[in-house]
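Engineer: Residue numbers (this note's numbering): 1 to 258.
Structure below.
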């Protein structure tokens with residue numbers, strides 16, 4: 001456990017290099033893979049061996065590397081790919097922020113504030129590259145969890161649903177596909193909903209779903225039968241979380257549910 005961060009970074013590097021894509025269905029040796037991903041052969045060989053020891057890849061007797069079942073999750077063409085999530089966990093600002101955990105615990109701030117002097121979401125406003133990595137990671141994680149979430153609640157009795165802080169819309173899209181009479185609203189920050197609109201168009205759901213940009217501390221789209229919050233409240237202090245919940249309560253009707 002103490003050295004667990006070694007593995008986090010190793011998996012993140014493999015995702016960044018798209019090693020799972022490079023291997024594909026045909027096992028390859030370190031030389032072939034180094035050429036494919038533009039890496040140093042000796043260093044890459046060590047990385048591949050390390051990840052083979054934990055079931056990401058398989059080192060064959062002929063010296064070639066194949067994908068193990070766990071490694072399939074790093075393929076970019078896998079419908080449940082976790083490659084963006086792996087990349088985010090090793091991404092510069094995220095990685096450095098965890099390195100400031102001791103300071104954060106001592107003074108009650110966050111690691112992000114320690115390295116950037118900004119709250120997390122303010123940092124994303126100032127850094128489009130970081131925002132893109134974060135949004136991709138959240139979408140990746142959502143796709144991996146959505147199947148279970150959609151089956152765990154009966155949305156069929158609802159007419160309208162607002163996904164507050166819904167990111168790129170993967171959860172809302174999954175709910176709408178399973179409930180063809182339901183209408184949805186995706187509500188998130190303006191820079192996020194641009195990607196959400198594209199995602200929902202691609203899934204041919206725009207007739208039943210609108211996308212609205214805004215700040216849930218200031219307003220929430222009113223009048224829906226139900227509101228959903230997924231992986232939102234944990235990002236904020238207790239006081240801020242309560243403010244979000246009060247904003248949603250004010251927006252929903254008397255029979256609305258969260």
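We put the CB at the ideal spot given by N, CA and C, even for glycine. Every value quoted in this text rests on a predicted model; they were computed, and no experiment measured them.
(1) So the candidates are 222, 46 and 10; which of them puts its Cα closest to the Cα of residue 163?
(2) Starting from residue 212, follow its DSSP beta bridges and name the residues at the other end.
(3) Could you check what DSSP says for residue 241 in three-state terms: helix, strand or coil?
(4) What's the C-alpha gap between residue 62 and residue 94?
(5) Decide if residue 107 is buried, meaning its Cβ has at least 16 other Cβ atoms within 10 Å, or exposed.
(6) Could you name the residues of the same chain whose beta carbon sits closer than 6 Å to that of residue 84, not counting the 5 residues immediately before and after it, in chain order?
(7) Tell me the DSSP secondary structure of residue 160 in three-state form.
(8) When you compare only the Cα positions, how much space is there between residue 60 and residue 28?
(9) How would you write the range of the alpha helix (DSSP H) that residue 121 sits in, first residue to last?
(10) By Cβ distance below 7 Å, which residues in the same chain neighbour residue 260 in space, the five residues on each side in sequence not counted?
(11) Once DSSP output is grouped into helix, strand and coil, what is the label at residue 57?
(12) For residue 41, count the other beta carbons within 10 Å of its own beta carbon; 16 or more makes it buried, fewer makes it exposed. Which is it?
(13) Cβ of residue 252 within 8 Å of Cβ of residue 224?
(14) Please find out if some non-hydrogen atom of the ligand COA comes closer than 7 Å to the beta-carbon of residue 169.
(15) What did DSSP end up calling residue 257 once you bin it into helix, strand or coil?
Structural biologist: Reading off the structure:
(1) The residue given as residue 163 occupies position 163 in the chain shown. Of the candidates 222, 46 and 10, the one whose C-alpha sits nearest the C-alpha of residue 163 is 222.
(2) Here the question's residue 212 lines up with position 212 in the chain shown. Answer is 187.
(3) Walking along the chain shown from the start, residue 241 turns up at place 241. Looking at residue 241 - three-state DSSP - the assignment turns out to be helix.
(4) Here residue 62 refers to the residue found at position 62 of the chain shown. Here residue 94 refers to the residue found at position 94 of the chain shown. In this structure, the alpha-carbon of residue 62 lies about 38 Å from that of residue 94.
(5) Position 107 of the chain shown, counted from the start, is the residue given in the question as residue 107. Exposed, by the Cβ-count rule.
(6) Along the chain shown, one-based indexing puts residue 84 at 84. Cβ neighbours of residue 84 within its own chain (closer than 6 Å, five residues either side excluded): 136, 137 and 140.
(7) Taking the chain shown and counting its residues from 1, one reaches residue 160 at position 160. Three-state DSSP puts residue 160 in a strand.
(8) As a working mapping, residue 60 is identified with position 60 in the chain shown. As a working mapping, residue 28 is identified with position 28 in the chain shown. Looking at the two C-alpha atoms, the distance is approximately 10 Å.
(9) Taking the first residue of the chain shown as 1, we reach residue 121 at position 121. Going by DSSP, residue 121 is part of the alpha helix (DSSP H) stretching over 120 to 126.
(10) Residue 260 lies beyond the range of the chain shown here (1 to 258); nothing can be said about it.
(11) Translated into positions along the chain shown, residue 57 becomes position 57. DSSP places residue 57 in the strand class (E or B) of the three-state scheme.
(12) In the chain shown, residue 41 corresponds to position 41, counting from 1. With fewer than 16 other CB atoms across the displayed protein chains lying within 10 angstroms of its CB, residue 41 is exposed.
(13) For the purposes of this step, residue 252 is taken as the residue at position 252 of the chain shown. For the purposes of this step, residue 224 is taken as the residue at position 224 of the chain shown. In contact: residue 252 and residue 224 (Cβ atoms closer than 8 Å).
(14) Summarising the ligand content, the structure contains no ligands, and the ligand COA is consequently not present.
(15) Residue numbering aside, residue 257 sits at position 257 when the chain shown is read from its first letter. It is a strand residue.
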